Amino acid sequence: MNQQEYMKELVGKLNEASRAYYQENREVMSNFEYDRLYDELEKLEEETGVVLANSPTVSVGYESLDELPKEEHERPMLSLDKTKDAEALKKFIGANRTLLSWKLDGLTIVLTYRDGELHKAVTRGNGVIGEVITNNAKVFQNIPLKIPYPGELVLRGEAIITYSDFEKINRLIPDVDARYKNPRNLCSGSVRQLDNRITARRNVRFFAFGLVRAEDVDFHNSRESQMEWLKEQGFETVEYRMVDADNVEKEIEWFSNHIGKNDFPSDGLVAVYDDIAYGESLGSTAKFPRNSCAFKWADETRQTHLVKIEWSPSRTGLINPIAVFEPVELEGTTVSRASVHNLSILKALELGEGDEITVYKANMIIPQIAENLTKSGFKDMPEKCPACGEETHVQQDSDVEVLMCTNSECPAKAIKAFTLFVSRDAMNIEGLSEATLEKWIARGFLKDFGDIFEISRYREEITTMEGFGEKSYENLIQSIDRARHTTLPRLLYALGIPNIGVANAKMICRSFQNNLEKIRSATEEELQDIEGVGAVIARAFAEYFRKEENQKKLDHLLAHVELEEQQEEEAQIFEGRNFVITGSVVHFANRSELKEEIEKRGGRVTGSVSSKTDYLINNDAGSASSKNKKAAQLGVMVITEEEFLKMLQK
1 MNQQEYMKEL VGKLNEASRA YYQENREVMS NFEYDRLYDE LEKLEEETGV
51 VLANSPTVSV GYESLDELPK EEHERPMLSL DKTKDAEALK KFIGANRTLL
101 SWKLDGLTIV LTYRDGELHK AVTRGNGVIG EVITNNAKVF QNIPLKIPYP
151 GELVLRGEAI ITYSDFEKIN RLIPDVDARY KNPRNLCSGS VRQLDNRITA
201 RRNVRFFAFG LVRAEDVDFH NSRESQMEWL KEQGFETVEY RMVDADNVEK
251 EIEWFSNHIG KNDFPSDGLV AVYDDIAYGE SLGSTAKFPR NSCAFKWADE
301 TRQTHLVKIE WSPSRTGLIN PIAVFEPVEL EGTTVSRASV HNLSILKALE
351 LGEGDEITVY KANMIIPQIA ENLTKSGFKD MPEKCPACGE ETHVQQDSDV
401 EVLMCTNSEC PAKAIKAFTL FVSRDAMNIE GLSEATLEKW IARGFLKDFG
451 DIFEISRYRE EITTMEGFGE KSYENLIQSI DRARHTTLPR LLYALGIPNI
501 GVANAKMICR SFQNNLEKIR SATEEELQDI EGVGAVIARA FAEYFRKEEN
551 QKKLDHLLAH VELEEQQEEE AQIFEGRNFV ITGSVVHFAN RSELKEEIEK
601 RGGRVTGSVS SKTDYLINND AGSASSKNKK AAQLGVMVIT EEEFLKMLQK
């Protein structure tokens, strides 16, 4: 293992240890071991001149911009000519030694380094003018902020987000419609953020694929030599293989066998002549450089039979057609459903039950219907909404026809209310996502909140739904059962009464001594007497409970929950104070329990010592750990658990 590979390994170990320590309240290594590896990494960075962007030895500043400035590229960035024919690619290669690499599906970035430091990062934009995203590039996962080469270096590469990170980020977005469609869209939005705190959380990675200029470096007229030199500077480069006309078909097969195993998005391959001088002498057409060519695989398609069209209502009133077909293997996964999007597409495809169709994955992610081979014809459009049974109607939306539910009280339209109900600050039903709620509503399982606690009636149907099984069903039932024990403020907030947030719900409950009967019969005048509750909130609250239907829904819900007695709130003695916790604890079960004690008294716990830190809690006050050193430098008070407990007694 060379020095740079070992440095990457050290960065990974140290970052994992920090993540476990601060975010998961577990220790994967001792403070002594952490400090030893940290010092070793610092020494290697000094020796090699390479400092990675995600190294724990650097602290990248965060910045929020009003807009991204634009800048013209010194050389226009042309598109590549494309082919899906291996023979055509072979002909392009001819007698030339050629680099064949992944064509990554992300956002192309141009980096400029001066005096060994990252000076500028610009997006491809329209090929002539791009957007300056330097501060965002500094928080990419793997861009070196410092390199050993002291001259001016300009290189190009692709910013990407892996499939696994894409899926993790999407799972954190409760609104299904707000989720990103594919990793490229997520990457584009992440790279072009005005606040690079958001970029930092998205795990963007950069893979160099081409060197534009490096002064006074002899690359022996070889692009392969340039790629190897970039690796020496600390860059991760796109994976490539050297090919010629004799072995290119074999290498294409190698890439095609590996694409399904990759965690990064790719939509083909790029071939570029290794001979730099010859390639540049060829010049370019008006659109394409003549020294390179893109090879794209034809989409993998499978033939199957349409079983039925399923209609899925949404909160906007749209009823979307879903094609359900006999399961097929596509791009390494089994698929059996594909969105048809709207009535216009459904009619154009002439889809009917039993039709023979071909399906593929757009961007290797989203199942789509490619072609209807038998075209028996579309029929049997639902006249009733599957969620509420009310009439439907066809509506023209821009240039397409869509099917709509006419019922303003359709439960599918109330998906936001159900999403709020199960959220963390409300009933806190873990694992019950908006996507699952939509499926249950569409199948008529849910009409009001109390139905969630009766969902076991549909066990057999749920365990056969796509994405569900016995284990996931049991986990969800356990989460629902835990939510049966809750507090009155949580319950009140969970009802989704207009203008009633968490704080207002607590104030109202406290003012009525947590007496639900008094709360549900409160008048506007009584509510306005509560400090902090104005006329608008009082009116909305009273109007909600004046409706008999809402009273019935609450009674249904109360039949399934048990309200806990409210304890007196702790005095907010730490309001405005920032704490950092390090080392092992003695008087608390873990650091998480200590953190909870601080937060319920108004304090805030952060992961690192800064000028805003008021107290560092460390039982080993004389420790030479990095946090203690930082606290000493900044004049932050270091206290033990014993001293913290004394603060609670004051």
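So for the sequence shown, the working numbering puts the first residue at 1; every next one is plus one.
All residues carry an ideal CB built from backbone N, CA and C; glycine is no exception.
Since the model is a prediction, treat every value here as computed from it, not as a measurement.
Candidates the options: closest to residue i by CA position
| i | options | result |
| --- | --- | --- |
| GLU232 | ASN2, ALA589, GLY467 and GLU470 | ASN2 |
| GLU167 | LEU194, VAL50, ARG202 and LEU118 | ARG202 |
| VAL154 | ARG124, GLN551, SER423 and LYS120 | LYS120 |
| ILE198 | SER188, PHE207 and PHE206 | SER188 |
| ALA95 | GLU329, ASN578 and ASP275 | ASP275 |
| GLY602 | VAL324, GLN572, ARG457 and ASN262 | GLN572 |
| SER79 | MET242, GLU401, THR285 and GLU249 | THR285 |
| THR419 | ASN619, LEU432 and ASN142 | LEU432 |
| THR523 | ALA505, ALA542, VAL533 and ILE537 | ALA542 |
| VAL224 | GLY151, GLN303 and ARG97 | First, the amino acid is wrong: residue 224 is Glu here, not Val. Of GLY151, GLN303 and ARG97, the residue nearest in Cα terms is ARG97. |
| PHE378 | ASN342, ILE500, SER312 and LYS138 | ASN342 |
| VAL654 | VAL580, ASP529 and ILE252 | This structure cannot speak to residue 654, because the chain is shown only from 1 to 650. |
| ALA387 | VAL11, LYS646, VAL502 and LYS439 | LYS439 |
| SER521 | LEU554, GLY501 and GLY496 | LEU554 |
| ALA88 | PRO56, ASN136 and TRP297 | TRP297 |
| ASN291 | PRO265, VAL272, LEU346 and LYS629 | VAL272 |
| GLU42 | TYR6, ASP267 and ALA245 | TYR6 |
| ALA494 | ARG424, SER625, GLN633 and LEU14 | ARG424 |
| GLN649 | ILE357, ARG156, GLU9 and PHE574 | PHE574 |
Span of the beta strand (DSSP E) around residue i
| i | result |
| --- | --- |
| THR463 | Premise fails: THR463 lies in the alpha helix (DSSP H), 459-463, not in any beta strand (DSSP E). |
| CYS187 | Not the beta strand (DSSP E): CYS187 falls in the alpha helix (DSSP H), residues 183-191. |
| ALA214 | 205-214 |
| ILE366 | 366-372 |
| ARG443 | ARG443 -> no beta strand (DSSP E), and no H or E assigned at all. |
| VAL270 | 266-273 |
| TYR113 | 107-114 |
| ALA387 | Per DSSP, ALA387 belongs to no beta strand (DSSP E) and is neither H nor E. |
| ILE160 | 153-160 |
| TRP311 | 302-313 |
| SER164 | Note, SER164: premise wrong, no beta strand (DSSP E); alpha helix (DSSP H) at 163-171. |
| GLU117 | 117-123 |
| PHE295 | 292-295 |
Short Cβ contact (8 angstroms threshold) for residue i with residue j
| i | j | result |
| --- | --- | --- |
| TYR180 | ILE147 | no |
| PHE449 | ILE480 | no |
| LYS103 | VAL270 | yes |
| ILE161 | VAL204 | yes |
| GLU74 | ILE129 | no |
| LEU68 | VAL132 | yes |
| THR486 | VAL394 | no |
| LEU353 | LYS375 | Checking the sequence shown, residue 353 turns out to be Glu, not Leu. No, they are not a contact pair. |
| GLY210 | ALA159 | no |
| ALA370 | THR301 | yes |
| ALA505 | MET427 | no |
| ALA214 | THR237 | no |
| GLY116 | GLY49 | yes |
| ALA540 | PRO498 | yes |
| ILE519 | ILE508 | yes |
| ALA294 | ASP39 | no |
| ILE143 | LEU172 | no |
| VAL422 | ILE429 | yes |
| GLU391 | GLU383 | yes |
| LEU163 | ASP263 | Reading the sequence as shown, one finds Tyr at residue 163 and not Leu. Their beta carbons are under 8 angstroms apart, which means TYR163 touches ASP263 by this criterion. |
| GLU251 | ALA86 | no |
| SER312 | ILE322 | yes |
| ARG192 | THR304 | no |
| GLU45 | THR57 | yes |
Residue i - containing alpha helix (DSSP H), residue span
| i | result |
| --- | --- |
| MET77 | No alpha helix (DSSP H) holds MET77; DSSP gives it neither H nor E. |
| ILE429 | Per DSSP, ILE429 belongs to no alpha helix (DSSP H) and is neither H nor E. |
| GLN649 | 641-649 |
| MET227 | 223-232 |
| VAL128 | Note, VAL128: premise wrong, no alpha helix (DSSP H); not H, not E. |
| ILE276 | 276-281 |
Whole-angstrom C-beta distance between residue j and residue i, which should lie under 8 angstroms
| i | j | result |
| --- | --- | --- |
| PHE644 | ILE617 | 6 angstroms |
| VAL605 | LYS627 | At roughly 13 angstroms, the Cβ-Cβ gap does not stay under 8 angstroms, so VAL605 and LYS627 are not in contact. |
| VAL324 | GLU310 | 5 angstroms |
| TYR240 | LEU100 | 6 angstroms |
ask   = Which runs of the alpha helix (DSSP H) fall wholly inside the stretch 566-630 and span at least 4 residues, in chain order?
value = Whole alpha helix (DSSP H) segments, 4+ residues: 591-599.
task = Ignoring anything shorter than 4 residues or poking outside the stretch 474-558, list the alpha helix (DSSP H) runs there in chain order.
result = Entirely contained in the stretch 474-558, the alpha helix (DSSP H) runs reaching 4 residues are, in chain order, 488-494, 502-511, 516-520, 524-528, 535-546 and 548-558.
key: Secondary structure, beta strand (DSSP E): runs of 3+ residues fully inside the stretch 390-415   = Uninterrupted beta strand (DSSP E) stretches at least 3 residues long and entirely within the stretch 390-415 occur at 392-397 and 400-405, given in chain order.
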